[in-house]
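Scroll down for the structure; my scribbles are underneath it.
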Amino acid sequence: MPVLPGSDSSLSLDGQGKPLWLCCELTYRCPLACPWCSNPLDFDLYRDELSTEEWKRVLREGRELGALQLGFTGGEPLVRKDVEELVAEASELGYYTNLITSGMGLTEKRLVALKQAGLNQIQLSIQSCDRDLTDKLVGAKAHKHKLEVARLIKAHGFPMVLNVPTIRQTLDRTEDILAMAEELKADYLEYVQIQYYNWAWLNRDELLPTREQVERADELVKAFRERMAGRMTIYFVDHDYYMGRPKACMNGWGTIHFTIAPDGTGLPCQEARVIKDMDFPSVRDHSLEWIWHDSPAFNRFRGESWMKEPCRGCPERKKDFGGCRCQAYLLTGDAANTDPACALSPHHHVIEAAIEDAFRPRVHRPLVMRRPRAVSTAFTGGWDEAPSPP
Amino acid sequence: MAADARVQLDDCFEINPMYLFRWEETQDSHVLLYPEGVVKLNEGAGAILSRCTGDKPVARIIEELKEIYSDPESNATLEKSLLEFLEVSHARGWIKLKS
Ligand code: SF4
Ligand code: SF4
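What follows is the structure, encoded as structure tokens:
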């Protein structure tokens, strides 16, 4: 007989060349204005969203490529009226379908329709445990509605992931935030670092937490995780600015993750468009199969041959893949460089300088809220010339 | 879901509704899907979990598997590794006792 499984029998999947995760950013439109939003600074210019039929084609082709997990995200995906229809199509195709939402636009009626359409899971973002604080942070009256939505999600039997960003303004409230997650009966809590690209990058000096805040939260989360064992799964990702090691790039560039932006651009990760010297193909011109297997963009950082020192000879590269390509580009001018969050990077000083800058005594700057035309990108391109390490 | 709870022969397990368990052609195996995660199961694990339908006591699952993989020598270890696998699956929350 075949070997019966023991405790190590279950293999977490590596994709074996298949994009296990298809992430559909249905729209960049959103009623909120979070100053850490990962959408492009000129999100307002992407008006030409894929149609319902085009999205359905994306879903079909993604499934044919072997994708199993599907995320509908945005912007706020519920701004689109066809989410229910797309969820139904996705379930029919056999995806495990996740809705990643701010809760805005989610009503009981829509929840029931989404359930009927076969939605498997909802990830709800909430920014703090305090109504006034959340509302200030997202630039709208949202907190009360988010709490109501959380209760409805549970009442309708969906597994619920609560997603809470860890920023300077909220980290000192960690205990209350954890208590809120418990009270709301979240099945999963993602208490995670925001990624400093796009809006978060603009606001980094004000959002970056202190090392002490991160360490204190880490302790609280550890104790909470123990207490909640078997009831809640908790992800707490250490802050890469303080770790001396980079965040792992998913399972590596172009290995399991496939994002489709609202205008149909295929991206190896949601932030990839910050790399200004790359061209990303569109599903309007190409099949998903070509984009995944053959496009130069998806192949550029596959494997290890693109790596430079110190990553090239470093044993950690199998685990962290040299860190984040987007951060390497944004902070060092070359996306193939070692992520400067790594203490071994010759550019690591830019991270140290960023921390120093953020906490230099000064008048605090206002947060730039994610709103149309809040900033102009007309005069920003890429790097003029990549800086060399000192 | 206490990890130390021993599995009894008359227990009936079902897949935790949080998880989606099914055959996946592109992986040529059974998979468990859950919020933001995928577990690929080997043949034995798939055979066991597909019998966790809430109406089959563990003893019957053992009988069924013994019939399929009838090999007197491994039958003794089959029961032990099957119980172990159910315990692990239970501790991980993949299956729950049918109440
Ligand atoms: S981060 Fe905030 S503003 Fe950006 S899409 Fe999400 S909810 Fe909307
Ligand atoms: S040198 Fe590269 S591979 Fe090594 S730890 Fe740093 S980022 Fe990771």
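Chains as they are written, first to last, in my numbering: chain A, 1 to 390; chain B, 1001 to 1099. Backbone N, C-alpha and C define an ideal beta-carbon position, used for all residues, glycine too.
Item                                                                                                                                                                                       : Value
Roughly how many whole angstroms lie between the Cα atoms of cysteine 1052 of chain B and isoleucine 1095 of chain B?                                                                      : 8 Å
Report the start-end ranges of each alpha helix (DSSP H) in the region 195–229 of chain A that is 4 residues or longer and not cut off at the edges.                                       : 198–202, 204–207 and 211–227
Run through chain B and tell me which residues come within less than 7 Å of glutamine 121 of chain A, C-beta to C-beta.                                                                    : Pro1035
On the premise that alanine 374 of chain A lies in contact with lysine 319 of chain A, defined as a C-beta separation below 8 Å, what is that separation, rounded to the nearest angstrom? : So it is not a contact: roughly 38 Å between Cβ atoms.
I'd like the span of the beta strand (DSSP E) that includes isoleucine 122 of chain A, first residue to last.                                                                              : 121–125
Under the rule that 16 or more other beta-carbon atoms within 10 Å means buried, what is histidine 1090 of chain B, buried or exposed?                                                     : buried
Give, in chain order, every residue of the region 204–223 of chain A whose Cβ lies closer than 8 Å to some Cβ of chain B.                                                                  : none
With DSSP as the reference, please indicate the residues paired to threonine 166 of chain A in a beta bridge.                                                                              : A:Gln193
Should histidine 156 of chain A and valine 112 of chain A be called a contact, given that it needs their Cβ atoms to be closer than 8 Å?                                                   : yes
Near ligand 3, which residues have their beta-carbon closer than 5 Å to a heavy atom?                                                                                                      : Because ligand 3 does not appear in the structure shown, any question about it cannot be addressed here, the ligands present being ligand 1 and ligand 2.
Is serine 38 of chain A helix, strand or coil when you go by DSSP?                                                                                                                         : coil
Output yes if chain B places a C-beta closer than 8 Å to the C-beta of glutamine 193 of chain A; else output no.                                                                           : no
Taking only the alpha-carbon atoms, compute the straight-line gap between phenylalanine 321 of chain A and asparagine 299 of chain A and give it to the nearest angstrom.                  : 14 Å
Can you pull the chain E neighbours of tyrosine 241 of chain A, defined as C-beta to C-beta under 9 Å?                                                                                     : This model lacks chain E altogether; the protein chains it does include are A and B.
Does the structure place the region 253–260 of chain A close enough to the region 30–46 of chain A that three or more beta carbon pairs sit under 8 Å?                                     : no
By how many angstroms is the C-alpha of valine 149 of chain A removed from the C-alpha of glycine 1044 of chain B?                                                                         : 41 Å
Among the residues of its own chain, which have a CB less than 8 Å from the CB of isoleucine 1068 of chain B, if the five just before and after it don't count?                            : Ala1047
So what does DSSP say about isoleucine 1068 of chain B, is it helix, strand or coil?                                                                                                       : helix
Would a C-beta distance cut-off of 8 Å place tryptophan 55 of chain A and cysteine 23 of chain A closer than the cut-off?                                                                  : no
Do we get a CB-CB distance below 8 Å when we pair leucine 4 of chain A with the residues of chain B?                                                                                       : The predicted position of leucine 4 of chain A is uncertain, since its pLDDT is 43 and thus under 50; a value taken from the coordinates is nonetheless stated next. Chain B, which has a Cβ nearer than 8 Å to the Cβ of leucine 4 of chain A, makes this yes.
Hey, alanine 90 of chain A and glycine 244 of chain A: beta-carbon distance below 8 Å or not?                                                                                              : no
Check each residue's C-beta against every heavy atom of ligand 2 and list, in chain order, those closer than 6 Å.                                                                          : A:Arg245, A:Pro246, A:Pro310, A:Cys311, A:Cys314, A:Glu316, A:Arg317, A:Asp320, A:Gly322, A:Gly323, A:Thr338, A:Asp339, A:Cys342 and A:Leu344
Starting from leucine 1020 of chain B, find everything on chain A with Cβ-Cβ shorter than 8 Å and list it in chain order.                                                                  : Tyr96 and Asn120
Closer than 7 Å between beta carbons: that is the criterion. Which residues of the region 57–80 of chain A meet it against chain B?                                                        : Gly66, Leu68 and Gln69
In terms of residue numbering, what span does the beta strand (DSSP E) encompassing tyrosine 235 of chain A cover?                                                                         : 233–236
At a cut of 8 Å, does the region 187–201 of chain A reach the region 321–332 of chain A through at least three beta carbon pairs?                                                          : yes
Find the nearest neighbour of alanine 272 of chain A within the set A:Ala335, A:Met369 and A:Tyr241, judged by alpha-carbon distance.                                                      : A:Ala335
Look at the Cβ atom of valine 237 of chain A, then the Cβ atom of glutamine 193 of chain A, and state whether they are nearer than 8 Å.                                                    : yes
Just the chain B side, please: which residues come within less than 7 Å of leucine 344 of chain A by C-beta, in chain order?                                                               : Here the premise fails: no neighbours, minimum Cβ distance about 30 Å.
For threonine 265 of chain A, does the three-state DSSP call read helix, strand or coil?                                                                                                   : strand
With distances taken between CB atoms, is the gap from cysteine 311 of chain A to threonine 338 of chain A smaller than 8 Å?                                                               : yes
For a contact defined as C-beta to C-beta under 9 Å, what are the partners of valine 161 of chain A on chain B?                                                                            : Pro1035 and Glu1036
Determine, using beta carbons only, whether valine 1007 of chain B comes closer than 8 Å to chain A.                                                                                       : no
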